[in-house]
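Each protein sequence line maps, in turn, to chains A and B. Each residue of the first sequence is one higher than the one before, starting from 28 at the first, in the working numbering. Each residue of the second sequence is one higher than the one before, starting from 8 at the first, in the working numbering. Backbone N, C-alpha and C define an ideal beta-carbon position, used for all residues, glycine too.
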Amino acid sequence: MELTKQEESALKGEQGETMQMAYRVLVATGEATDAEKLIPIEWTHLSGVNYNTIGDAGEEFLSSVSKNARVKVKTTLNPMGFDIDNVSNYGLDENFISKQLSIKNSYETMGVTPSFSCIPYEIYDIPKEGTQVAFAESNAAIHANSYDNLKTNKESAFSALASALTGKSPNSSLRKEETPNITINMKIKNPNELSYGMLGFFAGKVGNTSVNISGLSNMDNRQQKAMCGGMGTSGTCAKFIFGDGGSDCEKIDFDEKELQNVHDELNTAENGDIITLGSPQLGLEEITELTQKLKGRSFKKRCMVFTPRTVKTQMQKLGYTNELERAGCEILSDCCTCLTPLINKDNVDVVTTNSIKGAFYLKNSNGVGVNLKSLSQIIEDETK
Amino acid sequence: MNKVLVAGKVNGTVLKSNDPINFLGTVDKKTGIISDKNHSLFGKPLKGTILVFPSGIGSSVGAYTIYSIKSNDAAPLAMICKKADLTVATGCALANIPLITITDEEFSSIEDGIKISFDTDNSNPIHRQ
């Protein structure tokens, strides 16, 4: 990689140990991903926040690095393990809570905006077309590259943190013109968000860094988020390019058979004990729609609804919180279905969800069964 | 392909594995000992070795394990891989452990237990002592 004089000097340690470490991470990441230089970025979004995923090693690292490190650009971050407003309802142990609060404190000390959200693209204004950002959350990186006209690598927790501290990121392939060698043709008739989540999951498996995708009809916000979440779960791919691709592209159909394969991989049961909505977290548009769909109805089981804190504040003002709680929803901000410590196999056997991303992690990390259903099916079957 | 991911200069003895290493779950973060019974290096400490292995696999959180074993004075002196993966690359970068990638032929030619000097400033970073 070609480095500027200033970057070389930082790498030698002439700007302190923290900058030296940050540049070591950027150079190692850049070399591993064939970048030829570092470029300036304007916004970073960090992963590596939930104590459930980063553990003691992560907590200790952040506690140590936050003594000196300060972010240089706008920096937002992923969900943590719980919502402090109602954590006492979920029986989390003291150690988890104190370690999680230490992580929260370390990020805030470094100057990170405490957004605790996996949908930065929905709760912040999108910068102008072509802006370089560094998003570590996979669904957010895919959404940014595919729908928001932004450019980002699929960053790791470490490269994104290094980008936050330096304002730079490796110029790897996703920041350049991409010409994927695969085109996926969507063949499913009348798809819902679950079908799009499965399409994303399939695309993540067959693609490398990006895929062409054709045969899509008009998609709503929920369906777009589901497709990005699905892709981020299954591989390293981080961009959809809408169109048929060149004639030399390998063409692959996503048909009923492929849909069934993904369904069989992730769906392990026909009935859930509880329902979760939100992975990615629900934005205000989805919350509004959910409130309308639940008018005059209520859930027959527990239903956990995950949303960013900014949305939770807005929905309280709009009266949606009362409406949803009346219908039996538990509203949780700052956390998400994905890798939540609030659901475990000691007290839950099976979770019903419309999220492919949520399903993958519930099954593989929480070790509970999963029952996949679209939102409209959930409302039909699980409310009265 | 030969790449320098994290620069540095050390002398040491090779500990070689033909199995990839999943740092999260395979390596004890306090002792730096391989704790997975199914791994060919089971029971062996990584401390003070030049660790030669094909690549890292598994969760990116494994990078924190590499940082932990360094903090606990139980880390290898350097690592040499065939393929650069982001977990090992960022873990070595956080912990300041020199890391290079080498070709398949070079990888095959390095034997377990040999003493080498390792210096990323040289065009050929590995020399048998």
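A distance below 6 Å between beta-carbons, with the five flanking residues on each side excluded, links residue 81(B) to the following residues of its chain, in chain order: 38, 39 and 54. Neighbours of residue 187(A) in chain B, taken as residues whose beta carbon is under 7 Å from its own, are absent, since the nearest beta carbon is some 10 Å off. Distances from the alpha-carbon of residue 93(B) to those of 24(B), 22(B) and 29(B) put 29(B) closest. Nearest CB-CB separation between residue 100(B) and chain A: below the 8 Å threshold. The C-beta distance from residue 199(A) to residue 60(A) rounds to 4 Å, short enough to fall under 8 Å.
Residue burial annotation: residue 227(A) is buried, with at least 16 other C-beta atoms found within 10 angstroms of its C-beta. For residue 97(B), a Cβ of chain A is located within less than 8 Å of the residue's own Cβ.
For residue 396(A), the enclosing beta strand (DSSP E) covers residues 396-399. Taking 8 Å as the cut-off, the Cβ atoms of residue 71(B) and residue 85(A) count as close. Residue contact check for residue 202(A) against chain B: no CB pair falls below 8 Å.
Between residue 313(A) and residue 353(A) a beta carbon distance of about 18 Å is seen, past the 8 Å cut, so the two are scored as non-contacting. Considering only 105(A), 378(A), 124(A) and 104(A), the residue with the shortest C-alpha distance to residue 112(A) is 124(A).
Using a 10 angstroms sphere on the CB of residue 118(A), the tally of other CB atoms stays under 16, which defines it as exposed. Straight across, the Cα-Cα distance linking residue 295(A) with residue 375(A) is about 14 Å.
Counting C-beta pairs with one atom in each stretch, the segment 303-319 of chain A and the segment 332-343 of chain A have three or more that are closer than 8 Å, which means they touch. With fewer than 16 other Cβ atoms from the protein chains shown falling within 10 Å of its own Cβ, residue 327(A) counts as exposed. In this chain, residue 88(B) is not harboured by any alpha helix (DSSP H); it is covered by the beta strand (DSSP E) spanning 85-88. Here DSSP, grouped into helix, strand and coil, assigns residue 197(A) to strand. In the DSSP assignment, residue 106(B) falls within the unbroken beta strand (DSSP E) covering 106-108. A residue is called buried when at least 16 other Cβ atoms come within 10 angstroms of its Cβ; residue 129(B) does not meet this threshold and is exposed.
Under the 8 Å criterion on CB atoms, residue 51(A) is classed as interfacial with respect to chain B. Taking a Cβ-Cβ threshold of 8 Å, the residues of chain B close to residue 48(A) are 100, 101 and 103, in chain order.
Between the segment 95-112 of chain A and the segment 185-194 of chain A there are three or more C-beta pairs closer than 8 Å, enough to call the two in contact. When the beta-carbon positions are compared, residue 149(A) and residue 141(A) stay at least 8 Å from each other. Distance from the CA of residue 95(A) to the CA of residue 77(B), rounded to the nearest whole angstrom, comes to 20 Å.
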